[in-house]
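Please read the structure below before turning to the comments.
Laid out in structure tokens, this is it:
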């Protein structure tokens, strides 16, 4: 198997402030068994980010202006010079075979819209399994079948009961998605809204059910912040209403808010 994917794929790592987790994220993408290009992008330049960029000989791109998730993620994609891009979040990390499995997906069908994987949370430094991950894996199950993975109905169905896709697990095929990738006006559910946009159009979702992505749960996580100020509740309701009438949305929210306990 080809051991170098650098001309095709980029891990574009979004860094913010002085994070204790950034270096672990960087090391996980540099340690892939199939090598990809790795770059660092930030809208909050600081000494610790510059130190890590220098230590690992990475290009560091700085976006001017106020930090904004949508603009920061689009900037991270813009700075990649490859057709396939993974927007990596500084808190998260990847199994050493993520790029290897991505390469297999590209070899089998280079025209997929998105590639994404199974995932698990990291809590208190350890990989965990919770009911939310198991339920979301069930929602993603239809994407295991190639005959279904390019059908709008089934792609949308995997998102109709909640965001079943872990954002950092996704690699975008820019030849199919176009740019900017992120066009949603939402603040928290920008990823869920983006996945729905692509699910509603032509193109296959290349799903790998192996656990190849790990997202970190901690007190400073963006998800926790949005839960505490009730921003997530409003946006979750807005997303459900793109699939369901209001009575069904109210019923779904009674169950969906229980998932917030993951971050408490």
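In my numbering, the protein residues as written are 146 to 409. For each residue, glycine too, the CB sits at the ideal point set by N, CA and C.
Identify which residue in 198, 224 and 188 has its Cα closest to the Cα of residue 209. 188
I'd like to check one pair, residue 167 with residue 160: are the Cβ atoms closer than 8 Å? yes
Identity of the residues DSSP links to residue 204 by a beta bridge: 184
Is it the case that the Cβ atoms of residue 203 and residue 183 are separated by a distance below 8 Å? yes
So, does the segment 341 to 355 touch the segment 256 to 266, judging by three or more C-beta pairs under 8 Å? yes
Quick test of the definition: if touching needs 3 or more C-beta pairs under 8 Å, does the segment 272 to 290 touch the segment 327 to 346? no
Which residues DSSP lists as bridging residue 317, in chain order: 230 and 259
Excluding the 5 residues preceding and the 5 following residue 151 in the sequence, name in chain order all residues of the same chain whose CB lies nearer than 7 Å to its CB. 180, 181 and 182
Less than 8 Å separating the beta-carbons of residue 262 and residue 355? yes
Given a cut-off of 8 Å on the beta-carbon distance, is the pair residue 301 and residue 345 in contact? yes
Same chain only: Cβ atoms within 6 Å of residue 293, ignoring 5 sequence neighbours per side: 287 and 299
Spatial neighbours of residue 338 in its chain, beta-carbon cut-off 7 Å, leaving aside the 5 residues before and after: 329, 331 and 384
Let me know the secondary structure DSSP gives residue 194 once reduced to three states. helix
What residues are listed by DSSP as bridge partners for residue 350? 259
What whole-angstrom Cβ distance do residue 357 and residue 239 have, given they're in contact under 8 Å? 6 Å
Are the Cβ atoms of residue 264 and residue 360 separated by less than 8 Å? yes
Does the Cβ-Cβ distance between residue 284 and residue 309 come in under 8 Å? yes
Please go through the same chain and pick out, in chain order, the residues whose beta-carbon is closer than 8 Å to the beta-carbon of residue 171, but skip the five residues on each side of it. 158, 183, 185, 197, 201 and 203
Which residue or residues does DSSP assign as beta-bridge partners of residue 134? With the chain covering 146 to 409 only, the question about residue 134 has no answer from this structure.
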